[in-house]
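Chemist: In our numbering, the protein residues as written are 20 to 287. C-beta atoms are modelled at their ideal positions from N, C-alpha and C, and glycine is treated no differently.
1) Does DSSP put residue 128 in a helix, a strand or coil?
2) Please report the straight-line C-alpha distance between residue 94 and residue 220, rounded to a whole angstrom.
3) Under DSSP, the alpha helix (DSSP H) around residue 63 begins and ends at which residues?
4) Pop quiz: residue 13 and residue 113 are said to be a contact at Cβ under 8 Å. What is the actual Cβ separation, rounded to whole angstroms?
5) Is it buried or exposed, residue 4, if we count other Cβ atoms within 10 angstroms and call 16 or more buried?
6) Three-state secondary structure (DSSP) at residue 51?
7) Classify residue 159 as helix, strand or coil using the three-state DSSP reduction.
8) On the CB-based measure, 16 or more other CB atoms within 10 Å of its CB, does residue 244 come out buried or exposed?
9) Whole angstroms are fine: how far does the CA of residue 28 sit from the CA of residue 57?
10) Is it true that the CB of residue 217 sits closer than 8 Å to the CB of residue 14?
11) Grab the span of the alpha helix (DSSP H) containing residue 103 for me, first residue to last.
12) Could you spell out where the alpha helix (DSSP H) holding residue 311 opens and where it closes?
13) Would DSSP call residue 34 helix, strand or coil?
14) Answer yes or no: do residue 230 and residue 140 have a C-beta to C-beta separation smaller than 8 Å?
15) Within the same chain, show all residues whose beta-carbon is closer than 8 Å to that of residue 177, passing over the 5 residues directly before and after it, in chain order.
16) Between which residues of its own chain and residue 232 is the CB-CB distance below 6 Å, once the five residues before and five after are set aside?
17) I'd like to know whether the C-beta atoms of residue 26 and residue 80 end up nearer to each other than 8 Å.
18) Please classify residue 186: does DSSP put it in a helix, a strand, or coil?
19) State the Cα-Cα distance for the pair residue 108 and residue 160, rounded to the nearest angstrom.
20) Measuring alpha carbon to alpha carbon, tell me which residue in 239, 263, 173 is nearest residue 128.
21) For residue 246, which three-state DSSP category applies?
22) Which whole-angstrom value describes the C-beta separation of residue 41 and residue 147, a residue pair presumed to lie in contact below a C-beta threshold of 8 Å?
23) Looking only at its own chain, which residues have a Cβ that is under 8 Å from the Cβ of residue 71, when we skip the five neighbours before and after it?
24) May I ask you to report which of helix, strand or coil DSSP gives residue 238?
25) May I have the straight-line CA-CA distance separating residue 156 from residue 73, to the nearest angstrom?
26) Which full runs of the alpha helix (DSSP H) of 4+ residues lie inside the stretch 165–231, going along the chain?
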């Protein structure tokens, strides 16, 4: 099992935090007054609690924390299970390109260092590829199962009800429901646009891997490898942001989806 990162420790060790504590300690030492340090410690407790609980910070810490290899492989296998055969074939082709790229890098001066540097970045791009496909498949399921025309009809009906509702309490409740349905309409349109964006990003990752492989065949300058790795990292960050946006959309969809039936008994 992968070990959970220590988020409080990670927050404490941030350079800005250590500088702040050091400054407070020096101020107390110079003035011979404990107050600056006491105030800094009080703020520190609040800072550590808030920052360590933030999802974005936790994600950043996990990204820099080496995973348990077995857990990482299990995560990849889980993503592969949900893919169509043609999608798995695309992924396996990219894995083959990765191995060829690394083999070419090993032939360069300082090849061992180049491989150690480049393999995590290639793996990160492959992980982004899998996550994008998984998110794309979920989007397709959502778009095929959701009836936009029906939703549009609900919005129009609710607008009329809210407009003509004399009871303030009912008007407020229906108004809140109308607001949610309007958000669903907007996100339905967003889903179609995002699906096209993801399709192009997936094709872009394949193109980038092939280009990197072609360049690795003739490259002779290790510095050129570093420039290639920078491009890979930039593409990974771009695709990861797309995945995060899609995950936020899918989380919202789950929250606003209608309830499922629970048992067949009639409510009396």
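Modeler: Once the coordinates are examined:
1) Against the chain shown, residue 128 aligns to sequence position 109. DSSP, reduced to helix, strand and coil, places residue 128 outside both helices and strands of the structure shown, so it counts as coil.
2) Along the chain shown, one-based indexing puts residue 94 at 75. Along the chain shown, one-based indexing puts residue 220 at 201. One alpha carbon belongs to residue 94, the other to residue 220, and they sit about 22 Å apart.
3) Within the chain shown, the letter at position 44 stands for residue 63. Element bounds for residue 63: 54–72.
4) Summary: the structure shown does not reach residue 13, with the chain confined to residues 20 through 287, and so no result is reported for it.
5) No information on residue 4 is available, as it lies outside the stretch 20 to 287 that the chain covers here.
6) Sequence index remark: in the chain shown, residue 51 carries index 32 (1-based). If DSSP states are grouped into helix, strand and coil, residue 51 belongs with coil.
7) By one-based count along the chain shown, residue 159 stands at place 140. Helix at residue 159.
8) Reading the chain shown from its first residue, position 225 is the one you call residue 244. Answer is buried; the Cβ neighbour count reaches 16.
9) Position 38 of the chain shown, counting from 1, holds the residue named residue 57. Position 9 of the chain shown, counting from 1, holds the residue named residue 28. Taking the straight line joining both Cα atoms gives about 20 Å.
10) What the structure shows of the chain is the stretch from 20 to 287, and residue 14 is not part of that stretch, so it cannot be assessed.
11) Taking the chain shown and counting its residues from 1, one reaches residue 103 at position 84. Counting along the chain, residue 103 sits inside no alpha helix (DSSP H), nor does DSSP assign it H or E at all.
12) Since the displayed the chain opens at 20 and closes at 287, residue 311 lies outside it and no answer follows.
13) Numbered from its first residue, the chain shown carries residue 34 at position 15. In this structure, DSSP gives residue 34 a helical state, which the three-state scheme calls helix.
14) Along the chain shown, read from residue 1 onward, the residue named residue 230 stands at position 211. Along the chain shown, read from residue 1 onward, the residue named residue 140 stands at position 121. No, the Cβ-Cβ distance between residue 230 and residue 140 is not below 8 Å.
15) Taking the first residue of the chain shown as 1, we reach residue 177 at position 158. Excluding positions up to five away in sequence, the list reads 193, 196, 197, 200.
16) Counting from one through the chain shown, the residue named residue 232 turns up at place 213. For residue 232, where only same-chain residues beyond five positions count, the Cβ hits under 6 Å are 116, 119, 120.
17) Numbered from its first residue, the chain shown carries residue 26 at position 7. Numbered from its first residue, the chain shown carries residue 80 at position 61. It is a contact, given that the beta carbons lie within the stated cut-off.
18) In the chain shown, the residue the question calls residue 186 occupies position 167. Note: residue 186 maps to coil in three-state DSSP.
19) Looking up residue 108 in the chain shown gives position 89. Looking up residue 160 in the chain shown gives position 141. Cα to Cα, the separation comes out at about 21 Å.
20) Position 109 of the chain shown, counted from the first residue, corresponds to residue 128. Ranking 239, 263, 173 by Cα distance to residue 128 puts 239 first.
21) As a working note, residue 246 is residue 227 in the chain shown. Helix.
22) Within the chain shown, residue 41 is the residue found at index 22, counting from 1. Within the chain shown, residue 147 is the residue found at index 128, counting from 1. Contact flag wrong, Cβ pair sits at about 38 Å.
23) Counted from its first residue, the chain shown places residue 71 at position 52. Excluding five sequence positions before and after residue 71, the CB atoms of its chain that fall closer than 8 Å to its own CB belong to 26, 27, 29, 30, 77, given in chain order.
24) Translated into the one-based positions of the chain shown, residue 238 becomes position 219. Correct three-state label for residue 238: coil.
25) Residue numbering aside, residue 156 sits at position 137 when the chain shown is read from its first letter. Residue numbering aside, residue 73 sits at position 54 when the chain shown is read from its first letter. Cα to Cα, residue 156 sits roughly 28 Å from residue 73.
26) The qualifying runs are 167–183.
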